[in-house]
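Read through the structure below, which is laid out as structure tokens, and then see the notes.
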Amino acid sequence: MSRLHTGKKGRHGSHKPARKEAPKWVPLSQKEVEETIVKLSKEGKSASMIGMMLRDQYGVPDVKLVTGKSVVKILTENGVKFRLPEDLEMLMKRTVQLSKHLGSNPKDIHNKRGLALMEAKIKRLARYYKNEGILPRTWEYSLDAAKLLVE
Numbered sequence: 841m842s843r844l845h846t847g848k849k850g851r852h853g854s855h856k857p858a859r860k861e862a863p864k865w866v867p868l869s870q871k872e873v874e875e876t877i878v879k880l881s882k883e884g885k886s887a888s889m890i891g892m893m894l895r896d897q898y899g900v901p902d903v904k905l906v907t908g909k910s911v912v913k914i915l916t917e918n919g920v921k922f923r924l925p926e927d928l929e930m931l932m933k934r935t936v937q938l939s940k941h942l943g944s945n946p947k948d949i950h951n952k953r954g955l956a957l958m959e960a961k962i963k964r965l966a967r968y969y970k971n972e973g974i975l976p977r978t979w980e981y982s983l984d985a986a987k988l989l990v991e
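Residue 841 is where the sequence shown starts when you use my numbering, and the numbers rise one by one after that.
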């Protein structure tokens, strides 16, 4: 499959090893992993940050192999609410930073194109989340709204 915004071909980088069950050397049980995820969430960590902390500090290579559920699913089952999906929020944060940069550097045409591509990516992702029922149908992206949500 080819790339979306470049003329190059190729595939993305690394792949996870094919495993169907958790390794035997994982120190935490399923219940302990879920409790740790909820505890880290209450400390204000994002879902991706929780996954990295479990991998690096707790020795859990893959949450889904140990628990059978993703980090986000565990958090929603325990009553944690999200304003926006994390990937959409990070893209919006980047567009806000790029727009600030373009405010002080208006002739930076390469970053103008980058901002347009990033906004297109946000709109595609928002359409997907609306179809999946994660975002309400009335949700619309705008740079002003992104500035309010992110900051």
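Note that CB positions come from ideal geometry on N, CA and C, so glycine has one too.
Residue closest to residue i, alpha-carbon to alpha-carbon, out of the options
i, options, result
"residue 983", "943, 972 and 893", "943"
"residue 916", "956, 967, 878 and 987", "878"
"residue 921", "872, 960 and 885", "885"
"residue 872", "882, 898 and 892", "898"
"residue 924", "957, 855 and 979", "979"
Residue i classed as buried or exposed, judged by whether at least 16 other C-beta atoms fall within 10 angstroms
i, result
"residue 932", "buried"
"residue 955", "buried"
"residue 935", "buried"
"residue 985", "exposed"
"residue 938", "buried"
As assigned by DSSP and simplified to three states, the class of residue i
i, result
"residue 879", "helix"
"residue 899", "coil"
"residue 861", "coil"
"residue 891", "helix"
"residue 905", "helix"
"residue 850", "coil"
"residue 844", "coil"
- Task: Check whether the segment 859-867 touches the segment 902-916, taking contact to mean three or more Cβ pairs, one atom from each stretch, closer than 8 Å.
- Result: Because the criterion of three Cβ pairs below 8 Å is met, the segment 859-867 and the segment 902-916 touch.
- alpha helix (DSSP H) runs contained entirely in the segment 917-990, provided each spans 4 or more residues: Runs of the alpha helix (DSSP H) inside the segment 917-990: 926-944, 949-972 and 983-990.
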